[in-house]
Amino acid sequence: MTRYIFFSGKGGVGKTTMACATAIHHALQGRKTLIVTTDPASNLADVFEQEIGHKITPISVGTIHELSLHAMEIDPDEATREYKERIIGPFREIMPEDVIASLEENLSGPCTTEMAGS
Ligand SMILES: Nc1ncnc2c1ncn2[C@@H]1O[C@H](COP(=O)(O)OP(=O)(O)OP(=O)(O)O)[C@@H](O)[C@H]1O
Ligand SMILES: [Mg+2]
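The end of the sequence shown is residue 162 by our numbering, with every number in the run present.
This is the structure:
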């Protein structure tokens with residue numbers, strides 16, 4: 045069963061530190077672990093000292109390379125593009141252009157970005 049652990053809170057309280065420590069702990073126990081951040085100013089790449097970005101990336105911790113640990117830094121713009129395309133894509137071929145334009149318009153607000161990133 046997939047388990048989710050969320051770390052939230054105001055700025056600088058230790059979300060990233062605790063999330064990374066928890067992810068490493070579970071990976072060391074042999075659990076397949078994915079750490080994901082929705083922070084547009086993510087510093088996961090600095091913590092793990094490797095490039096991550098908007099894709100699921102295998103993570104090494106120090107000299108431990110065979111950990112079942114992966115990370116992803118969600119890019120809000122990319123996530124929004126993917127999310128909109130998932131919704132609108134199937135209608136492109138079968139609906140008139142003005143309906144597609146209206147769907148695009150309805151999915152162009154900040155709420156869509158929030159939904160796409162989470
Ligand atoms: N349990 C802890 N005890 C003492 N210091 C800590 C602890 N957890 C984090 N810190 C320190 O607090 C600072 C902020 O931690 P961190 O970057 O993890 O917070 P954050 O909530 O992710 O911040 P942001 O909101 O900027 O993303 C860092 O300097 C970190 O080393
Ligand atoms: Mg942080």
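Note that beta-carbon positions come from the ideal geometry of N, C-alpha and C, so glycine has one too.
Cutoff 6 angstroms; reference residue i; Cβ partners in own chain excluding five residues on either side
i, result
"G97", "E117"
"P102", "H114"
"K76", "S112"
Where residue i sits in the DSSP three-state scheme
i, result
"E126", "helix"
"I108", "strand"
"D83", "coil"
"T46", "coil"
"L88", "helix"
"K59", "helix"
"S152", "coil"
"P140", "coil"
"I68", "helix"
"D121", "helix"
"S52", "coil"
Bridge partners - residue i, DSSP secondary structure assignment
i, result
"I132", "Partner(s): none; I132 has no beta bridge."
"H114", "L78 and P102"
Presumed contact (8 angstroms Cβ cut-off) between residue i and residue j, rounded CB distance
i, j, result
"A115", "I79", "5 angstroms"
"T156", "Y127", "7 angstroms"
"I68", "V105", "6 angstroms"
Own chain partners of residue i with C-beta closer than 8 angstroms, once the 5 adjacent residues on each side are dropped
i, result
"I132", "I144, L147, E148 and L151"
"S162", "T82"
Contacts around residue i, its chain only, beta-carbon distance under 7 angstroms, and the 5 residues preceding and following it disregarded
i, result
"S86", "E117"
Quiz item: Is there contact here, the region 57-67 with the region 86-100, by at least three beta-carbon pairs under 8 angstroms?
Solution: yes
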